[in-house]
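Participant:
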Amino acid sequence: MSKWIPTLRRMGLWFLRKTALALLTSLLFLLSFTLFQYASWWPMLMEDDSLHWGGYFQGHTFTELALPMLEFSVLLACVFCPLFLLMPRPLLPPLFAGLWLWQTYDTAFMTATASTWQPHEIIWTFILPHSHWLLLTLVPPLLLIRHLGRRLLADTQATRAGAITLDGRR
Numbered sequence: 001m002s003k004w005i006p007t008l009r010r011m012g013l014w015f016l017r018k019t020a021l022a023l024l025t026s027l028l029f030l031l032s033f034t035l036f037q038y039a040s041w042w043p044m045l046m047e048d049d050s051l052h053w054g055g056y057f058q059g060h061t062f063t064e065l066a067l068p069m070l071e072f073s074v075l076l077a078c079v080f081c082p083l084f085l086l087m088p089r090p091l092l093p094p095l096f097a098g099l100w101l102w103q104t105y106d107t108a109f110m111t112a113t114a115s116t117w118q119p120h121e122i123i124w125t126f127i128l129p130h131s132h133w134l135l136l137t138l139v140p141p142l143l144l145i146r147h148l149g150r151r152l153l154a155d156t157q158a159t160r161a162g163a164i165t166l167d168g169r170r
């Protein structure tokens, strides 16, 4: 039994680190998606109060829509957290970006409630004008997830075994 304890300890630490990475990824999803919504909707709501977000009734101001946007992001972060936990580390940034872009398109589609909108019209009208905000709110979390994944899930035993000190000892 005692020979299994180091293996169980390593597996427990790995799972703890993987869970921490999934929770941090969910938090980054929450923050970046909320920031993108705020940044992309702020100018339109300041110009025209008759716009509505995601099926909400017309006439809402930005301050009235800020809380529902945050709640929507919290819901998405909680729903996607198990996916982030199950995904292998190298595939975590592509999953994050894919889910983030999918939800951005979905939010734009909910906004364009007319059934005559084509997918390319939604992208040209609602998403591409805010591509600078899209890049500013999506790329930094992707880089941070990549960095945190490498730091948290690095094989510490292999690093210790292969490390050579300055005086030539292992």
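Under our numbering, the first residue of the sequence shown carries the number 1, and numbering increases by one thereafter.
Glycine residues also receive a C-beta, built at the ideal position from the N, C-alpha and C atoms.
Remember, it's a predicted structure, so these values are computed and weren't measured experimentally.
1) If you follow the alpha helix (DSSP H) that LEU91 is part of, which residue opens it and which one closes it?
2) Look at the alpha carbon of LEU65 and the alpha carbon of PHE72, and state the distance between them as a whole number of angstroms.
3) Check for me: the alpha helix (DSSP H) holding LEU153 runs from which residue to which?
4) Can you confirm whether the stretch 30 to 41 touches the stretch 97 to 107 when touching is taken to mean that 3 or more C-beta pairs between the two stretches lie within less than 8 angstroms?
5) For PHE96, I'd like the list of residues in its chain whose CB is within less than 8 angstroms of its CB, leaving aside the five on either flank, ordered along the chain.
6) Determine the burial state of PRO90: buried for a count of at least 16 other Cβ atoms within 10 Å of its Cβ, exposed for fewer.
7) Go through its chain and collect everything with a Cβ distance to TRP133's Cβ below 7 angstroms, but skip five positions before and after it.
Facilitator: Looking at the coordinates:
1) By 1-based counting over the sequence shown, the position of residue 91 is 91. Unbroken run through LEU91: none, as it is neither H nor E.
2) Taking the first residue of the sequence shown as position 1, residue 65 is located at position 65. Taking the first residue of the sequence shown as position 1, residue 72 is located at position 72. Across the structure, LEU65 and PHE72 are spaced so that their CA atoms are roughly 11 angstroms apart.
3) Locating residue 153 in the sequence shown gives position 153, where the first residue counts as 1. Unbroken run through LEU153: none, as it is neither H nor E.
4) yes
5) Within the sequence shown, the letter at position 96 stands for residue 96. Taken in chain order, the residues that qualify are THR25, LEU28, PHE29, PHE84, PRO141, LEU142 and ILE145.
6) For this step, residue 90 is matched to residue 90 along the sequence shown. Label assigned to PRO90: exposed.
7) Walking along the sequence shown from the start, residue 133 turns up at place 133. If we look at TRP133 and ignore the five residues flanking it on each side, its Cβ neighbours are PHE36, ALA39 and SER40.
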